[in-house]
Amino acid sequence: MVQNGDISMINGSRGWLVSSHVLYVDDVMIIIKGSQRNLFALLNLFSKYAAICDQVINTQKSIFHGNIAYSRMTRITNFVGFSMDKLPFDYLGILIFLGNKDYSFIVHWRYNNNQDLFH
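Listed below in structure tokens is the structure:
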């Protein structure tokens, strides 16, 4: 979908492109811009996947993470049916955040979220 131009990737610092997805066992993390066009394309992909594989996305376990205004986040999560959360968050033991963070930020975040830094 990225190669076809159906979904726009997020640009990282210094012109680097951010990966469009991460797959691990039965988890999928999709990384896209929260535009209406991208969300329609993503929901269309989910519908096609459900029709072909006879599996549906569990919206009860799906979370939209973003670093955007609360009102926009609410509109997006209502549209896709996911719950919402802000950045940073922990995914499979890896801290996902926006921008450049130093070691002290990571230690502070892990301490405040009761997570062992070296687990």
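Per this note's numbering, residue -6 is the first one in the sequence shown, and the count goes up by one each step.
We put the CB at the ideal spot given by N, CA and C, even for glycine.
Go through its chain and collect everything with a Cβ distance to residue i's Cβ below 7 Å, but skip five positions before and after it.
{"i": "Thr70", "result": "Phe57, Ser76 and Met77"}
{"i": "Thr52", "result": "Gly74 and Phe75"}
For residue i, which beta-bridge partners are listed by DSSP?
{"i": "Met21", "result": "The question names Met, yet the displayed sequence has Val at residue 21. According to DSSP, Val21 bridges with Leu16."}
{"i": "Leu88", "result": "Asp83"}
{"i": "Met77", "result": "Phe57"}
Around the C-beta of residue i, are 16 or more other C-beta atoms found within 10 angstroms, so that it is buried, or is it exposed?
{"i": "Phe45", "result": "The amino acid occupying residue 45 in the given sequence is Ile; Phe does not appear at that position. It is exposed - the Cβ of Ile45 has fewer than 16 other Cβ atoms within 10 Å."}
{"i": "Gly8", "result": "exposed"}
{"i": "Gly74", "result": "exposed"}
Using only alpha-carbon positions, find the residue among the options that is nearest to residue i.
{"i": "Tyr63", "options": "Leu80, Asn51, Ile0 and Met2", "result": "Leu80"}
{"i": "Ile0", "options": "Asp20, Asp19 and Lys26", "result": "Lys26"}
Can you check whether the C-beta of residue i is within less than 8 Å of a C-beta belonging to chain C?
{"i": "Ser64", "result": "Looking for chain C here will not work: only one protein chain is present."}
Problem - At least three beta-carbon pairs within less than 8 Å, the stretch 34 to 42 to the stretch 4 to 19 - result: With the cut-off at 8 Å, the stretch 34 to 42 and the stretch 4 to 19 do not touch.
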